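Below is one structure; the comments refer to it alone.
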Amino acid sequence: MYYLGVDAGTSKIKAAMIDQSGRQIDIESRRVDTLHPFHGASEMDMEGLWHAFCDITNSLKRRNEGICF
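The sequence shown begins at -13 in the working numbering and counts up one residue at a time.
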């Protein structure tokens, strides 16, 4: 069994595959655009975040297909 940890920060989203013993198997990340509509405000493009999440999880799956899928 493997786990997927996801961290969606304000500038990048990353995901790591972890095995049952807590060892990191692989990691992938993508930059995410942060919008600043006015001074002091920050927004994330949620559609862009979703596409980045799909990209990183698909990359992890392709690279680790023989291990855990």
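Ideal placement from N, C-alpha and C gives every residue a C-beta, glycine not left out.
Computed from a prediction, not measured in an experiment: that's the story for all the values here.
- Of the other Cβ atoms in all chains shown, 16 or more fall within 10 Å of the Cβ of Leu46; this residue is therefore buried.
- Within the model, the alpha-carbon separation for Asn44 versus Leu21 is close to 26 Å.
- Scanning its chain for C-beta atoms nearer than 8 Å, with the 5 sequence neighbours on each side dropped, one finds around Ala1 the residues Leu(-10), Gly(-9), Val(-8), Asp(-7), Ile13, Glu14, Ser15, Phe39, Ile42, Thr43, Leu46, in chain order.
- Trp36 and Ser7 have their alpha carbons spaced roughly 29 Å apart.
- In the assembly as shown, Met3 is a buried residue. Its beta-carbon has 16 or more other beta-carbons within 10 Å.
- Rounded to the nearest angstrom, the gap between the Cα atoms of Ala27 and Ile53 is 43 Å.
- Secondary structure at Ser45: helix, using DSSP grouped into helix, strand and coil.
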